[in-house]
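Visitor: There's a structure below that I have some questions on.
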Amino acid sequence: MKTKIIIVTLVCIFKTTTYAQRSRYQPYLSLNLTASTSHLLGDLGGTGNIGSNSFKDLNLSSTRFALGTGVDYNIPSGISIGMDIMTAQLYGDDNAAPKNSGRNIRNLHVRTNIVESLIKFTYTHPENGIYFSIGGGICFFKPMAKLNGKWHELRPLGTEGQKIDSQKAPYKTITPVIPIGFGKKFYLNENHDLAVAIDFSLRKTFTDYLDDVSTTYPEKDAIRQNSGNVAAQLSNLSNDPQFGSAGSKRGDPENNDNYFFAGFKLYLPLNKNYRNKWQRRYRYRGGRYRRR
Numbered sequence: 160m161k162t163k164i165i166i167v168t169l170v171c172i173f174k175t176t177t178y179a180q181r182s183r184y185q186p187y188l189s190l191n192l193t194a195s196t197s198h199l200l201g202d203l204g205g206t207g208n209i210g211s212n213s214f215k216d217l218n219l220s221s222t223r224f225a226l227g228t229g230v231d232y233n234i235p236s237g238i239s240i241g242m243d244i245m246t247a248q249l250y251g252d253d254n255a256a257p258k259n260s261g262r263n264i265r266n267l268h269v270r271t272n273i274v275e276s277l278i279k280f281t282y283t284h285p286e287n288g289i290y291f292s293i294g295g296g297i298c299f300f301k302p303m304a305k306l307n308g309k310w311h312e313l314r315p316l317g318t319e320g321q322k323i324d325s326q327k328a329p330y331k332t333i334t335p336v337i338p339i340g341f342g343k344k345f346y347l348n349e350n351h352d353l354a355v356a357i358d359f360s361l362r363k364t365f366t367d368y369l370d371d372v373s374t375t376y377p378e379k380d381a382i383r384q385n386s387g388n389v390a391a392q393l394s395n396l397s398n399d400p401q402f403g404s405a406g407s408k409r410g411d412p413e414n415n416d417n418y419f420f421a422g423f424k425l426y427l428p429l430n431k432n433y434r435n436k437w438q439r440r441y442r443y444r445g446g447r448y449r450r451r
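Positions in the sequence shown are counted from 1; adding 159 to them yields my numbering.
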């Protein structure tokens, strides 16, 4: 109960900020807080076809969660530039694919923890609060899989033969990303600097190893001799002894992995000494800005 009272009080403090407290036409800084679901678009799970990075391969049962924060520099024209940090978990599982399909028989799974840092440019429409964003950044990722109740980091194991095949170099655990997003802000005060938004954001990556799956199966006995029994088992978890022979298809290297977030953002002003340029032309009435 005390927590609810504190939250309501803070919102009221922001909401009652008046124009008299501000100089009129200056840019301002805002803090954003993000809570969302996270979804992997990769080789694992999805439909029974070859893995892809499209939304048709989305499994809701593999939904995980993400948290983030950032700072935006807002220009009076509705354009902003921001820096964000996100941390999330991605998950993919062939058990979610249709029964008896190739991916279901493959029986691989992954849990990938990621941390990303972004710079993004956003345009927000002054009347309806709809916004679009694009930018660039980097993502650090760590794929893991579970065996006998224990989670193991996959890259050091070389599950596709990276430690025994000179033609397969170990993949990097950092990738550039291109964030592409859109959403809608719902303003909580007259100045439009305090807002809650519904947010959707896709990440285009430049790696096919967010899920540790990309090319072909290695020779299992060679993996066992070089990296141990855990590496050999996690390279091929199929219950079908005829599945996954050396050199056969394990993933699809033609498509890099992607991921996306869907959730909510809270925008909080960090300074109160501005009034947006477009607010000269619009007046706030009936829950939205209308032309003066």
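Yeah, the Cβ is synthetic: ideal placement off N, Cα and C, and Gly gets one too.
#1: Bridge partners for Lys309 per DSSP, in chain order?
#2: Report the three-state DSSP secondary structure of Leu219 (helix, strand or coil).
#3: For Asp472, does the count of other Cβ atoms within 10 angstroms reach 16, so buried, or fall short, so exposed?
#4: Name the residue from Ala405, Gly229 and Leu347 whose alpha carbon lies nearest to the alpha carbon of Gly320.
#5: Could you give the uninterrupted runs of the alpha helix (DSSP H) lying entirely in the stretch 337-422, keeping only those of 4 residues or more?
#6: By the three-class DSSP mapping on this structure, what secondary structure does Arg181 have?
#7: Could you tell me the distance, in whole angstroms, from the CA atom of Leu226 to the CA atom of Leu199?
#8: With respect to the alpha helix (DSSP H) encompassing Arg262, which residues constitute its N-terminal and C-terminal limits?
#9: Which whole-angstrom value is the C-beta distance of Thr374 and Gly410, which I expect to be below 8 Å?
#10: Please classify Ala255: is it buried, with 16 or more other beta-carbons within 10 angstroms of its beta-carbon, or exposed?
#11: Taking all protein chains shown into account, decide if Phe345 is buried (16 or more other Cβ within 10 angstroms of its Cβ) or exposed.
#12: Can you find the residues in the same chain that come closer than 7 Å, C-beta to C-beta, to Glu312, ignoring five residues on each side of it along the sequence?
#13: Short of 7 Å in beta carbon distance, which residues of its chain neighbour Asn218, apart from the five on each side in sequence? Order them along the chain.
#14: Is it right to say Pro329 is buried, meaning 16 or more other beta carbons lie within 10 angstroms of its own, or is it exposed?
#15: Determine the DSSP secondary structure at Pro315, reduced to helix, strand or coil.
#16: For the putative contact between Asp231 and Asn191, defined by C-beta atoms under 8 Å, what is the C-beta separation to the nearest angstrom?
#17: Is there contact between the stretch 231-240 and the stretch 265-285, where contact requires at least three CB pairs shorter than 8 Å?
#18: Looking at Gly295 and Gly251, is the spacing between their C-beta atoms short of 8 Å?
#19: Are the beta-carbon atoms belonging to Arg265 and Ser397 less than 8 Å from one another?
Guide: On the basis of the coordinates in this document:
#1: The residue given as residue 309 occupies position 150 in the sequence shown. Its beta-bridge partners are Leu306.
#2: Taking the sequence shown and counting its residues from 1, the one referred to as residue 219 is at position 60. In this structure, Leu219 counts as helix in the three-state DSSP scheme.
#3: Outside the shown range of the chain (160 to 451) lies residue 472, about which nothing can therefore be said.
#4: Translated into positions along the sequence shown, residue 320 becomes position 161. If we check each option's Cα against that of Gly320, Ala405 comes out closest.
#5: 379-386 and 388-394
#6: Locating residue 181 in the sequence shown gives position 22, where the first residue counts as 1. Summary for Arg181: the model assigns pLDDT 40, below 50, so the residue's position carries little reliability; its value from the coordinates is reported in the next sentence. Residue state, collapsed to three classes: coil.
#7: Residue numbering aside, residue 226 sits at position 67 when the sequence shown is read from its first letter. Residue numbering aside, residue 199 sits at position 40 when the sequence shown is read from its first letter. Leu226 and Leu199: Cα-Cα distance of roughly 16 Å.
#8: By one-based count along the sequence shown, residue 262 stands at place 103. First-last of the alpha helix (DSSP H) with Arg262: Gly261 to Arg265.
#9: Here the question's residue 374 lines up with position 215 in the sequence shown. Here the question's residue 410 lines up with position 251 in the sequence shown. Thr374 to Gly410, Cβ: 6 Å. Contact.
#10: Here residue 255 refers to the residue found at position 96 when the sequence shown is read from its first residue. The residue is buried, with at least 16 neighbouring Cβ atoms inside 10 Å.
#11: Here the question's residue 345 lines up with position 186 in the sequence shown. The residue is exposed, with fewer than 16 neighbouring Cβ atoms inside 10 Å.
#12: Counting from 1 along the sequence shown, the entry for residue 312 is found at position 153. Within the same chain, Glu312 has close Cβ partners Lys301 and Met303.
#13: Here residue 218 corresponds to residue number 59 of the sequence shown, with the count starting at 1. Hits under 7 Å: Gly204, Gly205 and Ala255.
#14: Locating residue 329 in the sequence shown gives position 170, counting from the first residue. By the 10 Å Cβ count, Pro329 comes out exposed.
#15: Here residue 315 corresponds to residue number 156 of the sequence shown, with the count starting at 1. In the structure shown, Pro315 sits in a helix (DSSP, three-state: H, G or I).
#16: Taking the sequence shown and counting its residues from 1, the one referred to as residue 231 is at position 72. Taking the sequence shown and counting its residues from 1, the one referred to as residue 191 is at position 32. Confirmed, about 6 Å.
#17: yes
#18: For the purposes of this step, residue 251 is taken as residue 92 along the sequence shown, with counting starting at 1. For the purposes of this step, residue 295 is taken as residue 136 along the sequence shown, with counting starting at 1. Taking a C-beta distance under 8 Å as the contact criterion, Gly251 and Gly295 do not qualify as a contact pair.
#19: Taking the sequence shown and counting its residues from 1, one reaches residue 265 at position 106. Taking the sequence shown and counting its residues from 1, one reaches residue 397 at position 238. For Arg265 and Ser397, yes; Cβs fall inside 8 Å.
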